[in-house]
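Read the structure below first, then the notes.
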Amino acid sequence: MRLALASASPASQLSRSACSRGLFTTSNARRGPPMRVAASEAAKRLSTSLHKDWTVIEEASSGKPDRIQRTVQFGNFCEAWSFMSRVALHAEKADHHPEWFNVYNRVEIELSTHDCGGISEKDFALAEHIDVAAAGRGGVVGK
406 MRLALASASP
416 ASQLSRSACS
426 RGLFTTSNAR
436 RGPPMRVAAS
446 EAAKRLSTSL
456 HKDWTVIEEA
466 SSGKPDRIQR
476 TVQFGNFCEA
486 WSFMSRVALH
496 AEKADHHPEW
506 FNVYNRVEIE
516 LSTHDCGGIS
526 EKDFALAEHI
536 DVAAAGRGGV
546 VGK
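For this note's numbering, add 405 to where a residue sits in the sequence shown, where the first one is 1.
See the structure below:
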């Protein structure tokens, strides 16, 4: 059985098309890319406003963007997955998604902003949400 889809507006087609090619969405195109935060400034901000386990990873020489990283450990797999689900719902609303890796009760998280090729305010905002989500469900520091 085939379902006919309603035709999308030109603006939504542009937005979807641009996203699939890694370009700005129409809303970002109006504002421009987020401002990049230097790694040294990011390190200062981490030490004053986020959980102590966030660190800055500088990768300029490797071609990868600078990013912030934290590992969170939970009591079991279900707690880790529940945490990831809560963060995923927020990340989708914010249109900013973590790069993460999960094994059993451990979640390794890296944040960077592709639109500016490094760390931006979007990463700090998501990191704050991650800290709250981890604290609310038994997340402990761990590696």
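Where is the CB? At the ideal position from N, CA and C, for every residue including glycine.
For the alpha helix (DSSP H) that residue i lies in, which residues bound it at each end?
i: residue 537; result: 526-540
i: residue 451; result: 444-454
Would you mind reading off the limits of the beta strand (DSSP E) that contains residue i?
i: residue 506; result: 504-508
i: residue 518; result: Taken as a continuous stretch (DSSP letters only), residue 518 belongs to no beta strand (DSSP E), as it is neither H nor E.
Quick one: what's residue i bridged to in DSSP?
i: residue 513; result: 476, 506
i: residue 492; result: None; residue 492 has no bridge partner.
Got a sec? Which residues, its chain only, sit under 7 Å from residue i by beta carbon, not counting five neighbours each side?
i: residue 531; result: 496, 499, 501, 503, 516
i: residue 525; result: 439, 440, 441, 442, 518
i: residue 539; result: 477, 488
i: residue 461; result: 444, 447, 448, 451, 471, 473
i: residue 456; result: 475, 536
i: residue 463; result: 444, 471
Given that a residue counts as buried once 16 or more other Cβ atoms are within 10 Å of its Cβ, and exposed if not, what is residue i?
i: residue 529; result: buried
i: residue 508; result: exposed
i: residue 527; result: buried
i: residue 485; result: buried
i: residue 434; result: Confidence at residue 434 is low in this model, with a pLDDT of 48, below 50, so the placement of that residue is unreliable and no value is reported for it.
i: residue 541; result: exposed
Less than 6 Å between C-beta atoms, sequence neighbours within five positions excluded: which residues of the same chain meet that for residue i?
i: residue 451; result: 459
i: residue 521; result: 438, 439, 441
i: residue 506; result: 513
Which residues in the same chain have their Cβ closer than 8 Å to the Cβ of residue i, if we skip the five residues on either side of it in sequence?
i: residue 454; result: 529, 533
i: residue 481; result: 509, 510
Hey, is the segment 469-478 in contact with the segment 508-526, meaning 3+ C-beta pairs nearer than 8 Å? The count of Cβ pairs closer than 8 Å, one atom from the segment 469-478 and one from the segment 508-526, reaches three, so the stretches are in contact.
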